[in-house]
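So the sequences go chain by chain: A and B.
Its first residue numbered 1, the first sequence is counted upward by one per residue in full-length UniProt numbering.
Its first residue numbered 1, the second sequence is counted upward by one per residue in full-length UniProt numbering.
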Amino acid sequence: MADLKIQGLAKSYKDVRVLESIDLDIASGEFFTLLGPSGCGKTTLLRTIAGFQHQDKGEIIVKGERIDNKPAHKRDIGMVFQDYAIFPHLTVAENVAFGLKARSLPKSEIEARVAESLKMVRLDGYQNRLPAEMSGGQQQRVGLARAMAIRPTLLLMDEPLSNLDAKLRIELREDIRDIQRRLGITTIYVTHDQEEALAVSDRICVMNKGNVEQIGTPFEIYRKPLRRFAAAFVGTMNFLPAQLDGGRLVVGGQSIPFPGSEGAVEVAIRPENVVLAGAGGEGDAILLKGEVRKVTFLGREAHYTLKTDVGEIVAQVADPEHDFIVMEGRQVEIRLPLNKIALFRPNGDVVKAGPAR
Amino acid sequence: MTRRIRFDLWTFVLIGAWAVLLILLVWPLSSILRASLLDNDTGAVSLIHYIEIFTTKVYQRAIGNTFIAGFGGMTGALILGVTLAFVTTRFHIYGRALIQTLAVIALVAPPFIGAYAWIVLFGASGVVRKGLASIGVSIPPLYGVAGVILVFSFKFFPHVFLITSGALGAINRSVEEAAESLGVSPMKRLFTVTLPLILPAIAASALLTFVLSIADFGTPRIIGRDFNVLATEAFNLFGGEVGGNPGMASALSIVLIILSMIIVFGQRWVLRKNVYYSNLMKKPERKHASGLKAVGLHALAYTIVLIGALPAIIVVMFSFRRTSGPVFQPGLSLQSYEKVIATVSAPIWNTLIFSSVAVVAIVISGTLIGYLISRRPNIATGALDALLMVPYIVPGIVMGIAFITRFNDPPIALTGTGLIIILAIYVRRLPYSARSVAAALKQVGPSLEDAAVSLGYSPGKAFMKVTVPLIVPGIMAGALMSFVTAMNELSSSLVLYVGSTITMPVRIYLSVMDGEYGTASALSTILLSMTAIAVYAAFHLSGRKESALL
Ligand SMILES: Nc1ncnc2c1ncn2[C@@H]1O[C@H](COP(=O)(O)OP(=O)(O)OP(=O)(O)O)[C@@H](O)[C@H]1O
Ligand SMILES: [Mg+2]
Chain A
1 MADLKIQGLA KSYKDVRVLE SIDLDIASGE FFTLLGPSGC GKTTLLRTIA GFQHQDKGEI
61 IVKGERIDNK PAHKRDIGMV FQDYAIFPHL TVAENVAFGL KARSLPKSEI EARVAESLKM
121 VRLDGYQNRL PAEMSGGQQQ RVGLARAMAI RPTLLLMDEP LSNLDAKLRI ELREDIRDIQ
181 RRLGITTIYV THDQEEALAV SDRICVMNKG NVEQIGTPFE IYRKPLRRFA AAFVGTMNFL
241 PAQLDGGRLV VGGQSIPFPG SEGAVEVAIR PENVVLAGAG GEGDAILLKG EVRKVTFLGR
301 EAHYTLKTDV GEIVAQVADP EHDFIVMEGR QVEIRLPLNK IALFRPNGDV VKAGPAR
Chain B
1 MTRRIRFDLW TFVLIGAWAV LLILLVWPLS SILRASLLDN DTGAVSLIHY IEIFTTKVYQ
61 RAIGNTFIAG FGGMTGALIL GVTLAFVTTR FHIYGRALIQ TLAVIALVAP PFIGAYAWIV
121 LFGASGVVRK GLASIGVSIP PLYGVAGVIL VFSFKFFPHV FLITSGALGA INRSVEEAAE
181 SLGVSPMKRL FTVTLPLILP AIAASALLTF VLSIADFGTP RIIGRDFNVL ATEAFNLFGG
241 EVGGNPGMAS ALSIVLIILS MIIVFGQRWV LRKNVYYSNL MKKPERKHAS GLKAVGLHAL
301 AYTIVLIGAL PAIIVVMFSF RRTSGPVFQP GLSLQSYEKV IATVSAPIWN TLIFSSVAVV
361 AIVISGTLIG YLISRRPNIA TGALDALLMV PYIVPGIVMG IAFITRFNDP PIALTGTGLI
421 IILAIYVRRL PYSARSVAAA LKQVGPSLED AAVSLGYSPG KAFMKVTVPL IVPGIMAGAL
481 MSFVTAMNEL SSSLVLYVGS TITMPVRIYL SVMDGEYGTA SALSTILLSM TAIAVYAAFH
541 LSGRKESALL
């Protein structure tokens with residue numbers, strides 16, 4: 001049970017600023033996910049929290065107490081490493097028991113926890129293997145089991161499932177989530193899998209170039225992005241150039257009443273909210289004409305790439321029929337419902353005003 | 001890197017290391033620096049010796065020759081050592097422990113007798129040379145610059161071999177396989193992937209062999225003829241054969257030290273960007289070569305180590321020859337052994353005790369210091385690293401004289417004790433251990449230690465539990481090298497010994513000086529056997545474990 005507060009955290013390597021000024025407020029028992037492009041500073045942030053390197057500026061506060069000057073091994077912060085960091089000279093069981101021995105738990109307890117953790121990562125039976133005799137994904141799971149076994153007050157996971165097959169990844173992420181909830185371990189999780197982030201997180205923090213772009217629940221991040229970067233990075237988003245002019249929104253030849261601010265904007269809409277004509281629709285919408293350029297089959301759905309005179313739009317069609325392929329080259333009517341769009345200013349901020357969203 | 005100072009275990013190690021080196025290295029050597037700055041006659045402070053060095057022909061030539069010997073010995077040792085390391089780590093070679101033992105034997109061919117054996121074989125009337133001449137092959141006698149470089153190559157390649165085979169054995173196999181899958185031929189892969197990966201080890205051993213080559217005086221003295229180097233000049237002037245000139249000798253030693261410092265910084269510069277870590281997960285496999293290739297590889301490996309061990313072998317053979325005074329007679333006999341057997345036990349015990357005590361201290365402090373150097377790079381550790389080069393380069397005799405000068409009177413009065421010999425060995429061989437540990441650490445990724453720390457181990461414990469087991473090969477290699485060279489330490493002991501603290505190498509040297517080659521050979525053989533047993537035991541014991549040496 002521990003809450004974590006980070007204030008004004010900055011970190012540079014030599015003269016490169018990697019973390020600009022990070023503020024986070026993570027509640028006790030929360031499952032908090034960092035999402036961001038490669039190289040944006042996620043690992044650096046985790047390593048600083050864990051205490052492997054010292055921040056240049058800022059404070060890290062756990063349970064109301066500054067831990068900046070506590071050495072790493074006294075912080076009781078578990079970590080799953082991006083490069084696994086499995087001890088190559090120890091067997092799987094010894095790896096998992098490693099942190100438990102440091103806590104001088106009774107032998108029976110250690111054995112029980114090793115067994116339990118290995119079971120959780122689907123590795124029971126591998127106790128006596130050496131890491132060199134295991135696959136990449138198996139090694140990764142040893143690292144996961146090793147960090148979970150100590151039941152730390154704070155658990156940092158740096159892409160713990162990146163090397164696993166899709167099915168196992170879904171199973172394990174549910175298991176991690178369950179255990180995390182049961183034990184109430186405050187968790188910071190890094191992943192590049194957006195679906196995973198949306199599925200397991202209490203809140204998600206979208207990072208870019210060492211800055212926090214937006215923090216919010218998965219719903220907020222996906223449905224109500226406050227920054228253009230978050231909108232573009234999480235999921236697929238269509239962006240169209242537009243103009244706010246005298247209380248009207250101008251997109252291509254279209255002009256719709258849109259009270260409030262002025263200036264150049266971008267219209268953003270998710271593919272699943274783009275309505276193709278024929279499907280009908282209610283309420284205000286931007287109407288466009290387009291030609292189907294490409295159809296991509298994705299299993300559960302299909303994506304149509306449409307060419308319009310304001311730019312390309314990707315539309316999602318649920319439950320595609322087998323004949324969807326013949327759509328290529330057809331002309332279609334496109335509706336962009338006003339209550340589903342978001343507008344972003346050139347500086348990346350969302351435009352708050354407008355009709356109810 | 002954190003810029004602020006944090007007080008942990010490593011801060012104390014750093015302070016301790018500096019204290020030790022200041023007391024045992026800088027303080028004694030300051031007496032040499034002082035002597036070099038005093039005019040012999042007037043006792044006034046002057047730069048006269050240094051001016052003389054750079055204006056006198058014979059010294060200028062010595063400086064040039066020192067570089068030639070240094071680079072020559074280094075190049076030869078690198079070629080032989082890396083080749084042998086590559087063959088033995090990448091292919092199945094029968095008798096690997098034997099090869100390793102022979103390599104170490106080559107390293108310790110007993111003082112003076114070693115060079116003497118080369119002359120017996122390849123000198124003007126050398127056995128091998130004559131034998132070859134009788135079948136029509138004529139080779140020039142070994143003397144001169146070529147001979148010196150050749151002898152250095154075969155004398156110092158084991159250092160390269162030991163250091164680089166440790167590194168070669170720890171390359172992540174995936175990296176080499178990746179190169180292969182990218183369409184790089186095995187030969188090209190060697191030069192574009194494998195060798196760059198072990199560059200730190202190669203650079204470390206290059207530096208070592210360079211410095212050893214320029215500090216060695218026995219070889220150029222006996223084989224060089226008129227090929228004079230700084231070390232021989234210094235030795236002559238200290239030794240007093242031509243009257244003695246301590247001021248000049250000291251100045252030459254200081255020049256030698258400064259030269260090697262320059263090389264140290266050169267090496268630093270080459271390695272400035274060099275941080276590779278592999279996770280040790282997939283170790284390289286030894287391939288089974290077949291047919292002609294296998295024969296060729298075995299021949300190559302055995303030729304290198306056998307030539308290297310030749311002087312030692314010759315000495316053993318000589319120890320069984322009949323002698324009459326200093327002259328060897330035809331026929332075999334054990335008379336040399338009969339002569340030494342009664343007097344040999346004290347030197348044997350002294351040798352064993354002194355070197356064991358020194359090596360225990362060396363391994364512990366060398367491991368800690370090696371860690372500091374490679375994992376906490378900052379100005380203090382960098383300077384420590386550079387300072388650690390000094391013991392390599394200071395000729396043993398200079399170190400001995402420096403110790404006598406400084407530790408003769410209170411507060412530290414040690415003359416005549418075993419401790420002073422141990423301390424001299426300790427400070428002279430500490431760099432072996434520290435450097436080979438530093439090299440081994442280059443291949444253990446730091447995130448492993450972070451992982452242990454995040455699991456609740458203090459940095460000290462994390463180091464003991466995770467890092468130490470992974471660098472055992474490096475620690476062992478350093479320990480072995482220091483133990484073996486400690487057992488065979490001559491020059492500093494020669495200055496520091498008294499009757500009760502005489503060691504085997506000193507006994508051998510005295511016998512050689514008395515012209516008793518038979519006795520000297522017998523004593524050398526005993527010393528060699530002790531060395532060989534120690535080495536073989538080390539290789540054999542560690543060979544059983546998965547994390548085997550090399
Ligand atoms: N030791 C270092 N020295 C200098 N720069 C570094 C160092 N470690 C990381 N960086 C740089 O800092 C930035 C952030 O790195 P970090 O590892 O935190 O990224 P990340 O968000 O974890 O990326 P990924 O998703 O690819 O793992 C990168 O631009 C990287 O190049
Ligand atoms: Mg990362």
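C-beta: ideal position from N, C-alpha, C; glycine also.
Would you say residue i faces chain E, with C-beta separation under 8 Å as the test?
i      : result
A:R103 : As a matter of chain content, chain E is missing from the structure shown, whose protein chains are A and B.
Look up residue i in the DSSP assignment and give the residues it is bridged to.
i      : result
A:N208 : A:N211
B:N378 : B:N378 pairs with nothing; no bridge assigned.
A:N238 : A:I269
A:I313 : A:L306
A:E291 : A:K307 and A:Q331
A:P257 : A:R248
A:F297 : A:A302
A:D158 : A:V190
B:S125 : Paired residues: none, contrary to the question.
A:I26  : A:L4
A:S12  : A:R17
A:V350 : A:F344
A:G285 : Here residue 285 of chain A is Ala; the residue named in the question, Gly, does not match the sequence. The partner list for A:A285 (beta bridge, DSSP) reads A:P337.
B:L21  : For B:L21, which the question treats as bridged, DSSP gives no partner whatsoever.
A:T33  : A:Y189 and A:I204
B:V495 : In DSSP, B:V495 forms no bridge with anything.
A:R227 : A:D349
Using a Cβ-based criterion (distance less than 7 Å to any ligand heavy atom), does residue i qualify as near ligand 3?
i      : result
A:Q194 : This structure does not include ligand 3; its bound ligands are ligand 1 and ligand 2.
Starting from the N-terminal side, write out each stretch of the alpha helix (DSSP H) that is 4 residues or longer and does not extend beyond the region 123-148 of chain A.
Taken in chain order, the complete alpha helix (DSSP H) segments of 4 or more residues contained in the region 123-148 of chain A number zero; there are none.
Stretch-stretch touch, CB-based, cutoff 8 Å, three pairs: the region 97-104 of chain B with the region 200-214 of chain B:
no
Residues of the region 452-474 of chain B whose Cβ lies closer than 8 Å to any Cβ of chain A, in chain order:
Under the 8 Å Cβ criterion, the region 452-474 of chain B contributes A452, V453, S454, L455, G456, Y457, S458, P459, K461, A462, K465, V466, P469 and L470.
4 or more residues per run - each alpha helix (DSSP H) lying fully within the region 159-237 of chain B
Runs of the alpha helix (DSSP H) inside the region 159-237 of chain B: 173-181, 186-189, 199-215 and 218-222.
Give me every residue whose Cβ sits closer than 5 Å to any heavy atom of ligand 1, in chain order.
A:Y13, A:V18, A:S38, A:G39, A:C40, A:G41, A:K42, A:T43 and A:T44
At a Cβ cut of 8 Å, what residues of the region 431-450 of chain B count as close to chain A, listed as they run along the chain?
G445, S447, L448 and D450
Which complete alpha helix (DSSP H) runs does the region 59-121 of chain A hold, if anything under 4 residues is left out?
92-102 and 107-120
When you compare the region 92-111 of chain A with the region 52-71 of chain A, are there three or more beta-carbon pairs, one atom per stretch, that lie closer than 8 Å?
Pairwise C-beta distances place the region 92-111 of chain A out of contact with the region 52-71 of chain A, as fewer than three of them are shorter than 8 Å.
At a Cβ cut of 9 Å, what residues of the region 218-236 of chain A count as close to chain B, listed as they run along the chain?
none
Check distances from the C-beta atoms of the region 96-120 of chain A to those of chain B and list, in chain order, the residues that come in under 8 Å.
With the criterion set as a beta carbon lying under 8 Å from some beta carbon of chain B, the members of the region 96-120 of chain A are F98, G99, A102 and R103, in sequence order.
Between the region 134-149 of chain A and chain B, which residues of the former have CB atoms less than 8 Å from a CB of the latter, in chain order?
So the list reads Q139, G143, R146 and A147, given in the order they occur along the chain.
Looking at C-beta atoms only, is the number of pairs between the region 15-32 of chain B and the region 415-433 of chain B that lie closer than 8 Å three or more?
yes
Under 8 Å, with one C-beta from each stretch per pair, do the region 456-472 of chain B and the region 153-167 of chain A reach the 3-pair mark?
no
Taking contact to mean at least 3 C-beta pairs separated by less than 8 Å, is the region 310-322 of chain B in contact with the region 368-387 of chain B?
no
Cβ contact (3+ pairs, closer than 8 Å) linking the region 350-360 of chain B and the region 394-402 of chain B
The answer is no - the region 394-402 of chain B does not touch the region 350-360 of chain B, with fewer than three Cβ pairs under 8 Å.
Whole runs of the beta strand (DSSP E) within the region 278-347 of chain B, excluding any shorter than 3 residues
The qualifying runs are 321-324 and 327-332.
Three or more beta-carbon pairs under 8 Å between the region 221-233 of chain A and the region 295-308 of chain A, yes or no?
no
Below 8 Å, how does it come out for the region 148-164 of chain A and the region 74-85 of chain A: are there three or more Cβ pairs, yes or no?
yes
Check whether the region 338-351 of chain B and the region 497-508 of chain B touch, using three or more Cβ-Cβ pairs below 8 Å as the test.
yes
Closer than 9 Å, Cβ to any Cβ of chain B: which residues of the region 65-79 of chain A, in chain order?
N69, P71, A72, H73, K74, R75, D76, I77, G78 and M79
When the Cβ atoms of the region 288-297 of chain B are set against those of the region 262-271 of chain B, are three or more pairs found closer than 8 Å?
no
For the pair the region 410-419 of chain B and the region 445-452 of chain B, tell me if three or more CB-CB distances fall below 8 Å.
no
Check whether the region 199-211 of chain A and the region 16-28 of chain A touch, using three or more Cβ-Cβ pairs below 8 Å as the test.
yes
Closer than 9 Å between beta carbons: that is the criterion. Which residues of the region 24-53 of chain A meet it against chain B?
Taking 9 Å as the Cβ-Cβ cut-off, the region 24-53 of chain A approaches chain B at R47, A50, G51, F52 and Q53, given in chain order.
Tell me which residues of the region 79-90 of chain A have at least one Cβ-Cβ distance to chain B shorter than 8 Å, keeping chain order.
From the region 79-90 of chain A, only M79, F81, D83, Y84, A85, I86, F87, P88 and H89 have a Cβ closer than 8 Å to chain B.
Are the region 146-161 of chain B and the region 125-137 of chain B in contact at 8 Å, needing three or more beta carbon pairs?
no
Under 8 Å: do the region 136-143 of chain B and the region 330-344 of chain B share three or more Cβ pairs, one atom per stretch?
no
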